[in-house]
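Student:
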Amino acid sequence: MLELQAVHKKFGGLHAVNDVSFSVNEGTIKSVIGPNGAGKTTLFNLIAGNLPPTDGTILFQGKAIQGRKPHQVAARGMARTFQNIKLFHGMTALECVMVGCHTQSKAGFISGMLNTPFARKEEKAIRQRSMELLQLLEIEEFAEVEATSLAFGQQRAVELARALALNPRLLLLDEPAAGLNIYETAEISRLICKIREMGVTVLLVEHDMSLVMEISDEVVVLCFGEKIAEDTPENIQQNPEVIRIYLGEDE
Amino acid sequence: MKVSKTNKILCLCALVILTQVTTTLTGTQYYLTQLTMAAYYGLVVIGLGVLMGYAGQISIGHAGFFAIGGYISAAMTTHNLVQLQDTPIISFCSQMGLLMERQDIYGDQLLTFAPWAACVTALLLAALIAFFLGIPVLKLKGHYLAMATLGFGTIIYRLVLATPLFGEADGISEVPAFTLLPAIGSLPPIMVSGDFGLRVINYYLAWGVLIIGMILLLNLIDSRVGRALRSLHSSEEAAEASGVHTSGCKVYVFVISAVYAALAGVLLTHYNAGIGPSEASVMKSVRYVALVAVGGMTNLWGTLIVGISLTFLSLRGVFGSYDDAVFAAILIGVMLFSPAGILSLRGCLLPSKQEIAPAKEENL
Amino acid sequence: MTVDLFFQYLFAGVTYGSIYAIVAIGFNIIYNSTGIINFAQGEFVMLGGMISISLLQFMPLPLAIIVAVLATMLVGALVEILFIRWLERPSVMQMIIITIGVSILLREVALHIWGESIRSLPYFYGNEITTFSLGSVHISPQVLWVIAACGFMVCGLSLFFKFTPTGREMRACSVNRTAAILCGINTRNMVTFSFMLSAGIGAMAGCVMSPITYTQYDCGTGLAIKGFTVAILGGLGNSMAAVAAGLLLGIIEAFSVSVVPLAFQDAIAITILLIILFIKPHGLFGSSEAARLRDF
Amino acid sequence: EVIKIGAIFAETGGAAFLGGPEARTARMLVEQINQAGGINGDTLELIVKDSGGSPEKAISFAKQLIEEDKVLAIIGPSTSGESMKIKRIAEDHQTVLISCAAAELIVNPVASYVFKTPQKDSFAARKIFQTMQDKGIRKIAVVVGNTGFGKTGKQQLKKIAPEYGVEILAEETYDKKATDLSALVAKLKSIEAIEAVVNWSIVPAQSIIAKNIRQTGWDVPLFQSHGFGNIGYVQAAGEAAEGIIFPCGRLLVADTLAENNPQKALLVEYIRAYQKRFNEDASGFGGYAYDAVNILHEAIKVAGNDRKKVRDAIEAIQNLPGASGVFSFSPEDHNGLSLDSFVMLTVKNGQFVLYQGQ
Amino acid sequence: MLRIKNLDAGYGKLRVLKNISLHVDPGEIVTIIGANGAGKTTLLHTIVGLVNSAAGEIQFQQKCCSGLTSQQVVASGCALVPEGRQVFASMSVEENLLLGGYVLQRNAGRAAVLRELEYQYDLFPVLRERREQLAGTLSGGEQQMLAMGRALMSKPKLVMMDEPSTGLAPLIVRDIFSIIKKLREEGNTVLLIEQNAKAALGIADRGYVMEVGKIILQGPAEGLLINRDVQRAYLGREKID
Ligand SMILES: Nc1ncnc2c1ncn2[C@@H]1O[C@H](COP(=O)(O)OP(=O)(O)OP(=O)(O)O)[C@@H](O)[C@H]1O
Ligand SMILES: Nc1ncnc2c1ncn2[C@@H]1O[C@H](COP(=O)(O)OP(=O)(O)OP(=O)(O)O)[C@@H](O)[C@H]1O
Ligand SMILES: [Mg+2]
Ligand SMILES: [Mg+2]
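Protein chains in written order, with our numbering: chain A, 774 to 1024; chain B, 14 to 377; chain C, 7 to 302; chain D, 282 to 639; chain E, 2 to 242.
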């Protein structure tokens, strides 16, 4: 599904991602963990096309995607959420999700301006689908509420729905549980599993170990840009190196 | 939502007809002259409104596109080709029916391009320029974008002032009428012309174009693309991640709003039978931006109403030599007391949930 | 091109350049503390010139200039207090448009006070035709005044913003107002102060350049556009860069005279500017990193 | 009865230096006429519109004045571009238009209802070339501002130069708001054959170019257009204005005119009244509006409130002294001034004096 | 130190805080826990004057500070580490810290600021490494430390922290909590808002539980930790049991 081969990213003198290689198998949940500043968000930005890698290859469904624009990557079936929620001001939750359907629809400038039957039909379909997604994430009652005025947890859900609207093959989640309480976190973890059952592969960055260890099939640990471990959650929890630099001794 | 949009359009149509009937009944038809001109400026303003309000891209160079439209069509329809009559290109154009022969007021023979050919050329040129300019310019953000568009406007202004073909400081006069439909039987011809006899037709023509333009834009903002525009306005990164080709979208709206401006330029130039460099000046561009702001950035109706009414008043010279000062005062007033546009003044008094939303932390 | 001619062009370019730069600096100050471009900056330049010319009837030149600068600073403070200070949560766009409005308003007020005629201060040293000659290159002493004033202001301001706490605090206000408040900084006063400072600098510029360029009620607009251009070309917020960019633009303009008709001078200069912007979207010396982190 | 007269002047905007004095003069004059009992018992009503120098506004105002206010005649506009745009409108609606703009194109070819009061540019050019001939100058540079005024000046100079055997070695157009022209001067100075420079522009550039030329120590004769006719510009150029030669109406040297000069009394009176009223020096520009009102006054006296008759009456005016010269109209000549309406002036000790030849 | 009585506040017509009363005594760590949207951030903003109170009283060190501007509140020794970090993104780390010393510089002079700067660098060694880097390019955790360091630069009498552990690695979270404890040991007073209720109650002396704008429970931290309602709602005991 996704394969990173010796990916590097340098910011000036800072080697934010250093020779990282790993692959994500279809239908699995893979987590990336690591101390703050390890380069996790940077890695996501490289994969999603927000930053070009300094060196290395990123294969998505067998094709190299490094250096592609984010929207091109998205069109190929990769969706993402952001560490700091990025919803659209002045748009309702439903509309936000409808934006996510962008790649799934075609009506362009001309048919939009003329409001052709095709555009109208498509619009209806998009609306329908977005509504379904909101239902899936159990926030349909907020469909007409301005997204940015929702509570934090609901905003996360909207963002997730927007990402799902792309019909992604691969979903990148950057700290989906940050700022959520224990119940909301459990909720998110349930959702992620549900998403995986829909056939979507998930790559996750998270600091909440209960979430990571519970749902991921495999965990990659980054530290100062380098991959220091890649293993199943159980083994990672035992890995002395990981414990030393990241998890800390359990009480 | 849909219903109310249609209703609003119907109201506008009714108002347009009502105005014409009233002026005819009361013998005050002369108001139609300025209303016609204002309608054309309205076209520029709503085009800019979509670009600025919805796509969030400021342009302080829109007078440049207006001028491209106006000047190209004016130059093509006034530049005498008689001397070049026998060159192959001109005779080819003549065979294609692109040329027009007529006499000027002093009875001299004129051979020029036909207005429709000029109009098509002008619009295409404006679209092309907008396209090729938009690709690099729209990569810029904030003040840098403002500067780049301002620079574009200035370049056009300078070129117009420096080129003899465009009449330098005097501009171009004696632009012929633009016949859209020749007279058929007893029906009068439909042509864009400032002739008093054709005033009512021109009034309807201008408002017809404006209303169609408005409908198209309203459709656009409600469409898939419109949603993409609004999303990239708020967060380009998130829009990209949702698969929106942001730079492409921006360039296309830029082209659309440039074409709107150019079309207004073409039509108004034929209506006024001339154009001058002041139409290309930076002050004019600033005025368009200000009209959009006063109308409300994301309020196409407000933009339309304000654009039309302030332009109308200014064209009638009601503020005398205080025109700019009054305009500035309105601008400041609206920005101070109702930054979301003049139409939301009502909302200011009865704050709705939406208006409270922007948090205090989002200062600046 | 002869060596003489080369130097004569160069000096003409330096003259234009320092005039542009000195206006651009004013833009940068307000930008640095509020994150907005004050489009009324050109009017401060005009007011400085106009007021000092009017005062000259009553007092000697140096005093007239000082009073004019103070008066313009007062105007700057008033503008801020009347139109900007009490805004609850202004957006950048709102501020830009308000300052455009203020600029038109100030210009119209000036038109109705001073009329449309041109005025100027006398040359600070010598008169209209006095020049120094370096070889066969002739330099008006007033140009030296402009260059000196420009250099003085830039150095002073750069030091001020970089090294003084007040300068740092002014920058902080522009980057994140809430955070500045939470640090205990009185952000409103900072903004007022920056308006006063830039008005004062504008007025100063208006005085030193008045003998060369003359002062008219609408001379601010053109200068503001050039100043803005230069501020952007250099990279917003960086006064040293503005001077470099100003000189660059001035010199390009001066030398462009030798190859293309003068009528196209501005078009050429701005085309070059646009090309530079396309290659370096944050100005010649601007850091794209810093600009990306600042949200518009 | 009230006779309505429309006026379109650029009181604000880039051409305010023209429109301002024009509007003030026109208002003052109409007031004077009304105070003196009007014209044959009718009072004049002057409706002034400020176009800001924009043609589109001028067009709108012209239509408004003609149709809505039903004015008898329109005075103005101040600039050639605006005048050319409303020439046709006035013609189509048979309303007298007395333009205060310089371009010869306004009255040549003649449109039957369109007149203008400023002296023709070609006269100014001829006057300059005559002076050059006297001084033996054959190779010149022409620099103009990018205004309508500058544009027509350049055209006329280029057209007429060959008649006087003068060769134009360099021609440049600069921005009307230029703040410094030393680069241009350096370029001209490097062409060594140039024997004189003609500058055809308006404020403030005409003072700036004078300064820049003198600052480089270049000692060429500098000719200016009749746009230099305002003592304010001399003051602005200071020392650098000394020796500038330019053609101008007699307004600036009114008090040195011979007593029997037909213009003298009127000029002195106009200058006095204007100065008293507005506390500023009268300039040639105000004089254009003076003439326009004055000509209308004369025509209405004869023809009353009738557009066509007034037109005919204007065409019939002969030897009417005005601020710019003595007007004698004819169906072929809608300017009515002769070459003699200009005199050559120069600046000496900060004052305008008649140019005597050196 | 801080005493709030019957406070009401909100945005426009929206009332977020309803009749809140609480107090923080010198040398204490007090934590407020509560669900998303309960109004915790709003409460802190009201205390520092970013949000105007509609009714009620806020006393800081026996002085009423209801009508004061934010600057005055901060100057009187009450610092806030805001939610979402709010660092000066386009300025360097060091400049950020120096700005935090604004109040200190006024009261104690430049030397004190420099001393404090060194102290913060010792507290957060990462920041020393990155002193020249622009704050906006720091990772989330680094930014959080910077925000704390900046607030501490003013040597405040009361530090209020709005969810300082959000988005931080477990190890760092632990660091942060130990820093908070250390602060208390040095005589500081801390008002802490946390999602991570367990950790927060673990170090706090007392706690308040907030729900939809009201304080519904309060008491010593140990008490709250064993309170069944709190356990059910915030500690996830039920699930674990
Ligand atoms: N644009 C940039 N320029 C310079 N340095 C950068 C840039 N972006 C990130 N960095 C640096 O790269 C490193 C990795 O940052 P990144 O945001 O990827 O960390 P992270 O693993 O996501 O941390 P966190 O868990 O705190 O979010 C950090 O040290 C950061 O300072
Ligand atoms: N600027 C604002 N304008 C209007 N309503 C707001 C604003 N800020 C917050 N609110 C509303 O006030 C309520 C309380 O929000 P607050 O941010 O104080 O909650 P919180 O307890 O800090 O939540 P979290 O744990 O998510 O940080 C929410 O319903 C929120 O929607
Ligand atoms: Mg991260
Ligand atoms: Mg909060």
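A virtual CB, placed ideally from N, CA and C, is assigned to each residue, including glycine.
With distance defined between alpha-carbon atoms, name the residue in 327/B, 155/B and 222/B nearest to residue 43/C.
Tutor: From the listed residues 327/B, 155/B and 222/B, the smallest Cα separation to residue 43/C is found for 155/B.
Student: Shorter than 8 Å from the beta carbon of residue 468/D to some beta carbon of chain B?
Tutor: no
Student: Report the three-state DSSP secondary structure of residue 242/E (helix, strand or coil).
Tutor: For residue 242/E, the predicted model reports a pLDDT of 35, less than 50, meaning its position is unreliable and no value from the coordinates is stated.
Student: Taking 7 Å as the limit between beta carbons, can you name the residues of its chain near residue 42/E, skipping five residues before and five after?
Tutor: 84 and 163
Student: At least one CB of chain A closer than 8 Å to the CB of residue 32/B: is that the case?
Tutor: no
Student: Find the residues of chain C that neighbour residue 337/B, judging by a C-beta separation of less than 7 Å, and give them in chain order.
Tutor: 110 and 114
Student: Residue 263/C CB to nearest chain D CB: under 8 Å?
Tutor: yes
Student: Quick test of the definition: if touching needs 3 or more C-beta pairs under 8 Å, does the segment 933 to 942 of chain A touch the segment 833 to 853 of chain A?
Tutor: Contact between the segment 933 to 942 of chain A and the segment 833 to 853 of chain A is present: three or more C-beta pairs spanning the two stretches fall below 8 Å.
Student: Spell out a yes or no on whether the segment 223 to 235 of chain B and the segment 880 to 900 of chain A are touching, meaning 3 or more CB-CB pairs, one atom from each, closer than 8 Å.
Tutor: yes
Student: May I ask you to list, following chain order, the residues of the segment 267 to 279 of chain C that have a beta carbon less than 8 Å from some beta carbon of chain D?
Tutor: 267, 268, 269, 271 and 272
Student: Could you run through the segment 808 to 833 of chain A and flag, in chain order, every residue whose CB is less than 9 Å away from some CB of chain E?
Tutor: 808, 809, 810, 811, 812, 813, 814 and 815
Student: Compare the C-beta of residue 323/B against all C-beta atoms of chain C and say whether one is closer than 8 Å.
Tutor: no
Student: With a 10 Å radius around its C-beta and 16 neighbouring C-beta atoms as the bar for buried, classify residue 303/D as buried or exposed.
Tutor: buried
Student: Buried or exposed: residue 161/C, going by 16 or more other Cβ atoms within 10 Å of its Cβ?
Tutor: exposed
Student: Among 44/B, 89/B and 303/B, whose alpha-carbon lies nearest the alpha-carbon of residue 436/B?
Tutor: The shown model of chain B, from 14 to 377, leaves out residue 436/B, and the question about it has no answer.
Student: Report yes if the C-beta of residue 46/B is less than 7 Å from at least one heavy atom of ligand 1; otherwise report no.
Tutor: no
Student: Mind pulling the chain A residues with CB within less than 7 Å of residue 132/E?
Tutor: Simply none; closest approach about 14 Å.
Student: What number of angstroms, rounded off, separates the C-alpha of residue 327/B from the C-alpha of residue 335/B?
Tutor: 10 Å
Student: For residue 1020/A, does the count of other Cβ atoms within 10 angstroms reach 16, so buried, or fall short, so exposed?
Tutor: buried
Student: Just the chain A side, please: which residues come within less than 8 Å of residue 172/E by C-beta, in chain order?
Tutor: 808, 1018, 1019, 1020 and 1021
Student: For residue 167/B, is the classification buried or exposed, using 16 other Cβ atoms within 10 angstroms of its Cβ as the cut-off for buried?
Tutor: By the beta-carbon neighbour count (other beta carbons within 10 angstroms, threshold 16), residue 167/B is buried.
Student: Can you tell which of 148/C, 109/C, 195/C and 153/C has its C-alpha closest to the C-alpha of residue 87/C?
Tutor: 195/C
Student: Please list the residues of the segment 402 to 419 of chain D that have a C-beta atom closer than 9 Å to any C-beta atom in chain B, keeping them in chain order.
Tutor: none
Student: For the beta strand (DSSP E) containing residue 122/B, name the first residue and the last one.
Tutor: 122 to 126
Student: Quick one: is residue 241/E near chain C, going by C-beta distance under 8 Å?
Tutor: Its pLDDT being 37, under 50, residue 241/E is placed unreliably in this model, and the coordinates cannot settle the point.
Student: To which residues of the same chain is residue 71/E closer than 6 Å at the C-beta, ignoring the five residues directly before and after it?
Tutor: 49, 50 and 51
Student: With contact counted as at least three CB pairs below 8 Å, one residue from each stretch, are the segment 550 to 560 of chain D and the segment 582 to 600 of chain D in contact?
Tutor: no
Student: For residue 182/C, tell me which candidate among 166/E, 191/E and 137/E has the shortest Cα-Cα distance.
Tutor: When the alpha-carbon of residue 182/C is set against those of 166/E, 191/E and 137/E, the nearest one is in 137/E.
Student: Quick one: is residue 871/A near chain E, going by C-beta distance under 8 Å?
Tutor: no
Student: Count the other CB atoms within 10 Å of the CB of residue 7/E; is the residue buried (16 or more) or exposed (fewer)?
Tutor: exposed
Student: For a contact defined as C-beta to C-beta under 9 Å, what are the partners of residue 235/C on chain B?
Tutor: 160, 163, 164 and 167
Student: Note down the Cα distance separating residue 866/A from residue 146/B, rounded to an integer number of angstroms.
Tutor: 35 Å
Student: Please determine whether the Cβ atom of residue 811/A lies at a distance below 7 Å from any heavy atom of ligand 1.
Tutor: Under cutoff, so the answer is yes.
Student: Along the segment 157 to 185 of chain C, where does the CB come closer than 7 Å to a CB of chain E? Name the residues.
Tutor: 171, 174, 175, 177, 178, 181, 182, 184 and 185
Student: Starting from the beta carbon of residue 25/C, find every residue of chain E whose beta carbon is closer than 9 Å, and list them in chain order.
Tutor: Going along chain E, no residue has its Cβ under 9 Å from residue 25/C, so there is no contact; the nearest lies around 29 Å.
Student: For residue 286/B and chain D, any beta-carbon pair shorter than 8 Å?
Tutor: yes
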